[in-house]
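*Asks:* Read the sequence shown against my numbering and you will find it ends at 403, with the numbers running on by one and no gaps. Quick one: this structure, given as structure tokens, is what I'll be asking you about.
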Amino acid sequence: MTTEIDWEHPTDPRPGSWQLDHVRLYVGSNGAEGHHWNGTQTLLLTTVGRVSGNPVRTPLIYGEADGRYLVVASKGGADEAPLWYRNLTADPRVRVQVGSEVRQGTARTATPEERAAYWPLMVGHWPAYDEYQAKTDREIPIVVIEPV
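Here it is in structure tokens:
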């Protein structure tokens with residue numbers, strides 16, 4: 256049975272975090288502010304909480320390739336994957352806001368061949384990804400989001 260997701264009322268990052276401030280700026284300006292951030296571009300990714308079943312929204316740096324959005328599950332080089340990544344591996348339905356455009360999508364982990372091709376593109380958007388990869392033994396995944 257497929258559950259209806261209330262995409263309009265996601266859980267946002269914890270109070271007092273820069274991520275919450277970023278989400279509020281992005282949403283409050285309908286993407287006019289926050290899309291461009293620290294010399295790169297960001298989107299808002301909403302995943303389905305794997306425990307709660309409720310939508311959870313996260314700001315992330317992104318790239319684009321072949322009409323798809325790419326995000327990196329780095330968590331700053333931590334040994335564990337970020338919660339949003341664990342959510343989408345349990346339920347691939349996502350919602351993305353890129354600037355003022357909001358779309359539903361399906362997310363998946365890039366294949367090894369895709370990751371090899373997309374990693375340099377994503378490092379071009381955020382050079383610290385190479386540093387994050389050096390800090391951990393896990394291979395940091397790239398997520399491919401196919402808009403629907």
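By construction, the Cβ of each residue, glycine as well, lies at the ideal position given by its N, Cα and C atoms.
Note down, in chain order, each residue of its chain lying with its Cβ closer than 7 Å to the Cβ of W374, except the 5 sequence neighbours on either side.
*Replies:* Correct list, in chain order: I397.
*Asks:* By DSSP, does M256 sit in helix, in strand, or in coil?
*Replies:* Bear in mind that a pLDDT of 41 at M256, under 50, signals an unreliable position, so the model cannot answer this.
*Asks:* Note down the Cα distance separating E394 from P337, rounded to an integer number of angstroms.
*Replies:* The straight-line gap from Cα to Cα measures roughly 13 Å.
*Asks:* Buried or exposed, going by whether 16 or more other CB atoms sit within 10 Å of the CB of L298?
*Replies:* L298 is buried by the Cβ-count criterion.
*Asks:* What does the Cβ neighbour count give for S272, buried or exposed, with the cut at 16 atoms within 10 Å?
*Replies:* So S272 counts as exposed.
*Asks:* Candidates G331, V306, T366, T295: which alpha carbon is nearest I316's?
*Replies:* For the residues G331, V306, T366, T295, the minimum Cα distance to I316 belongs to T295.
*Asks:* By alpha-carbon positions, which one of T364, V353, R305, W381 ends up nearest to D346?
*Replies:* The residue with the shortest Cα to Cα distance from D346 is R305.
*Asks:* From V351 to L300, what does the alpha carbon distance come to, in whole angstroms?
*Replies:* Distance between the alpha carbons of V351 and L300 is about 5 Å.
*Asks:* Which same chain residues, not among the five before or five after R358, have their C-beta less than 6 Å away from its C-beta?
*Replies:* For R358, where only same-chain residues beyond five positions count, the Cβ hits under 6 Å are V351, P402.
*Asks:* For W262, which residues in the same chain have their Cβ closer than 6 Å to its Cβ, ignoring the five residues on either side in sequence?
*Replies:* For W262, where only same-chain residues beyond five positions count, the Cβ hits under 6 Å are P310, R350.
*Asks:* Let me know the secondary structure DSSP gives R341 once reduced to three states.
*Replies:* Looking at R341 - three-state DSSP - the assignment turns out to be helix.
*Asks:* DSSP has G360 in a bridge; who is on the other side?
*Replies:* V349, P402.
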